[in-house]
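S.K.: Here it is, the structure, as structure tokens.
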Amino acid sequence: SLRGSYYLNSMTDNNEKKMVRKSVYPMLDVTDALGIVLKESEALNPIDVPIFEATGLICSDNVFAKENYPTFRASIMDGYCLFTENESKIGKHDIQSRIHAGNNDKNDNTDMNFSVAYITTGARLPDWANAVIKVEDTEYISENAVFLKGTVKKNENIRQIGSDMEIGTQLVTKNQRIGPIEVGLLA
């Protein structure tokens, strides 16, 4: 009896002999074969590794966001943040402060009656501000004053808390391979 494989002689179109390999084992569909392998395999115990060493590993459980992102309201462009009831007022405004991205101070000490604060893209919006007018819609007067020549509505040009990702958003699924994108999400 044959065990394994055997060869049959056959003739090609130009009368050359060719060996054809035939198997005594039935051909399996890839999905069925993978199912057999996984059924016979044992899962490894999960391990804890620093996130930047996780690339290429398989996630052992679903992972969800633990906080909103962004965690604060932020300007989506360079301009001037201000408070407005419905729509900003065109005209001259005093510049009370300058707020730059990376500065985590709340900058809440400004009287915003007819004042604005210069703000850069990505900077934390003060609690008193509810709109950002882009710098292109303003005219420089001095270090302490700016002329708003355009209008802006409440909540315009602001990235709200959790607008990119809310608490509870699924970041990675169980059995998902961790690549650079997943490392960035989990960091």
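If you use our numbering, the sequence shown corresponds to residues 1475 to 1661, in order. Glycine included, every Cβ here is placed at the ideal spot set by N, Cα and C.
Nearest to Q1650 by alpha carbon, out of C1533, P1500 and Y1499?
M.R.: Working through the sequence shown from its first residue, we reach residue 1650 at position 176. For Q1650, the nearest C-alpha among the options comes from C1533.
S.K.: Under a three-way DSSP split, which group does T1612 fall into?
M.R.: Stepping through the sequence shown from its first residue, residue 1612 is reached at position 138. Looking at T1612 - three-state DSSP - the assignment turns out to be strand.
S.K.: By DSSP, does K1513 sit in helix, in strand, or in coil?
M.R.: The residue labelled residue 1513 in the question sits at position 39 within the sequence shown. Helix.
S.K.: In this structure, does DSSP put A1605 in helix, strand or coil?
M.R.: Against the sequence shown, residue 1605 aligns to sequence position 131. Reduced to three states, the DSSP call for A1605 is strand.
S.K.: For I1564, collect the residues of the same chain with a Cβ closer than 7 Å to its Cβ; drop the 5 residues on either side in sequence, then sort them by chain order.
M.R.: In the sequence shown, counting from the first residue as 1, residue 1564 sits at position 90. For I1564, where only same-chain residues beyond five positions count, the Cβ hits under 7 Å are L1622, K1623 and T1625.
S.K.: Extract the residue ranges of the alpha helix (DSSP H) inside the segment 1619–1661, only unbroken runs of 4 or more that lie entirely within it.
M.R.: Correct list: 1654–1660.
S.K.: For G1530 and N1631, I'd like the C-alpha separation in whole angstroms.
M.R.: Here residue 1530 is taken as the residue at index 56 of the sequence shown, counted from 1. Here residue 1631 is taken as the residue at index 157 of the sequence shown, counted from 1. Each residue's alpha carbon lies about 38 Å from the other.
S.K.: Within a Cβ cutoff of 8 Å, which residues of the same chain sit near N1618, ignoring the five residues on either side of it in sequence?
M.R.: Within the sequence shown, residue 1618 is the residue found at index 144, counting from 1. Taken in chain order, the residues that qualify are D1568 and I1569.
S.K.: Using the DSSP secondary-structure output, state which residues sit across from E1561 in a beta bridge.
M.R.: To locate residue 1561, count along the sequence shown from 1; it is residue 87. Paired residue(s): K1627.
S.K.: Alpha carbon to alpha carbon, how far is V1523 from H1574? Give it in angstroms, no decimals.
M.R.: Locating residue 1574 in the sequence shown gives position 100, counting from the first residue. Locating residue 1523 in the sequence shown gives position 49, counting from the first residue. One C-alpha to the other measures close to 35 Å.
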